[in-house]
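**Student:**
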Amino acid sequence: METSLGILETKGFAAAISAAEKILEDNSIDLVKIEKTGGGIISLFFKGNNERLKTSFEKAIQQARLVGEIVALYINNKYNKKLEKFLFTSDKAAELTSVKRETVQEKIIAEKAETEVEKTQVQKPVKVLKKLSAAEKKIKTSKFLGTTSTIQRLRREALSSENFAKAKEGVSKDRGGKATSEININKIENLNVHELRRLARSTNDFPIQGREISKSNRKELVKYFKDLA
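In case it helps, the working numbering puts the sequence shown at residues 431 to 659.
1. Let me know the secondary structure DSSP gives Ile459 once reduced to three states.
2. Hey, quick one: how far does the alpha helix (DSSP H) through Leu658 stretch, first residue to last?
3. Rounded to whole angstroms, what is the Cα-Cα separation between Lys477 and Ala445?
4. Let me confirm a value: Ile464 is counted as buried when at least 16 other C-beta atoms fall within 10 Å, else exposed. Which label applies?
5. Is Ala490 near Glu439, with beta carbons less than 8 Å apart?
6. Grouping DSSP H, G and I as helix and E and B as strand, with all else coil, what is Ile505?
7. Do Ser458 and Asn479 count as a contact pair if the criterion is CB distance below 8 Å?
8. What residues in its chain sit with their C-beta under 8 Å from that of Ser644, if we drop five residues either side in the sequence?
9. With distances taken from CA atoms, which of Asn634, His624 and Asn506 is nearest Arg482?
10. Rounded to whole angstroms, how far is the Cβ of Phe475 from the Cβ of Ile453, which I believe are closer than 8 Å?
11. Taking buried to mean at least 16 other C-beta atoms within 10 Å of its own C-beta, is Gly436 buried or exposed?
12. Report all residues from its chain with a CB closer than 8 Å to the CB of Asp657; omit the five preceding and five following residues, and keep chain order.
13. If you count every other CB in all the chains shown that lies within 10 Å of the CB of Ile472, and 16 or more means buried, which is it?
And the structure:
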């Protein structure tokens, strides 16, 4: 018996399924392919004996028209293997090629995404931590230096104030005798030029006054105090 190819087209799936069930009641007929085309047209491809296909198609058309619409039908008298290869084998090959391409593309995308995630999770946090660590170290160092500078400045001011107070006290008592004057001079020699000028302005009977005190250097001021003593 020669094998023929039969095509039945319906509008909608309801008519297509109803027709396919009726045709496949004949066990000698095979459903090869179901294809959905534009406009809701469903194409059913069957393979079997020519006479059996014709008989089954007639029954299927009556059955399908109860639920839908028959658009077209075709049964070839002589089966063509080239036509089968074009209709089915090429589609399967194209489908497999499409699947392979999609699989490869998905794999590439997945690998790229995984690489980006690894970079984000490993490299970037390390860089941020290093920058934060350096910044924190810089802040701590500046705070320490600032604190040290402040302490040193306060110490210098305290010592200067103490020396100034002692020297001033010594000058006020220099009328008491030679020994006291020598001690006062020793204290005065520890003062800087600014402290000497302040002390000179607050000392009675100091040899120079006003702008002359401001213009005098440390050596000159010490000499005036020695002369006064």
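Just so it is clear, CB atoms sit at the ideal spot from N, CA and C, and this is done for glycine as well. Values in this document were obtained by computation on a predicted structure and should not be read as measured data.
**Tutor:** According to the data block:
1. Reduced to three states, the DSSP call for Ile459 is coil.
2. Taken as a continuous stretch (DSSP letters only), the alpha helix (DSSP H) holding Leu658 covers Arg648 to Leu658.
3. 19 Å
4. exposed
5. no
6. strand
7. yes
8. Arg627
9. When each option's Cα is compared against that of Arg482, the closest is Asn506.
10. So it is not a contact: roughly 11 Å between Cβ atoms.
11. buried
12. Pro637
13. buried
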